[in-house]
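The block underneath contains the structure these notes are about, expressed in structure tokens.
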Amino acid sequence: MRSRIAGPMRGQDPMDMDMWPLWDRIRVPRMVIRGETGDMPIGETGARMEASGARMFVVPETGHDPAPLDPARIAAIHAFLAG
């Protein structure tokens, strides 16, 4: 699986890559975890992810890298995995 994803991307500028064809091939439930105060804009991208069925979980008062360390975050991940 890794080579099917990484192979075609070798040598490309990450900022110019169109990842949507790969995203659309994912056939399992998806959960996107992001920090509320992160510096990565999510607006249009997040809306497209949610429209495709992904569940968006925003971690309050957290930056770009929301490690799942507190009970609320862990509970949200467990609930998602339990389906």
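Note that full-length UniProt numbering has the sequence shown beginning at 1, numbered continuously upward.
Each residue gets a CB set at the ideal place from its N, CA and C atoms; glycine is no exception.
What are the start and end residues of the beta strand (DSSP E) that includes G35?
Here the beta strand (DSSP E) through G35 covers 31-35.
Would DSSP call M56 helix, strand or coil?
When secondary structure is reduced to three states using DSSP, M56 falls in the strand class.
Please list, in chain order, all residues of the same chain as W20 whose beta carbon is under 8 Å from its beta carbon, the five residues on each side excluded.
Excluding sequence positions up to five before and after W20, its CB lies within less than 8 Å of the CB of R48, all in the same chain and listed in chain order.
I77 vs P66 beta-carbon contact at 8 Å
I77 is not a Cβ neighbour of P66, given a cutoff of 8 Å.
Suppose you measure from the CA of V58 to the CA of P14; what does that come to, to the nearest Å?
So the alpha carbons of these two residues sit roughly 24 Å apart.
Does the Cβ of R34 have 16 or more other Cβ atoms within 10 Å, making it buried, or fewer, making it exposed?
By the 10 Å Cβ count, R34 comes out buried.
Alpha helix (DSSP H) containing T62: first to last residue?
Where T62 is concerned, there is no enclosing alpha helix (DSSP H), given that its DSSP letter is neither H nor E.
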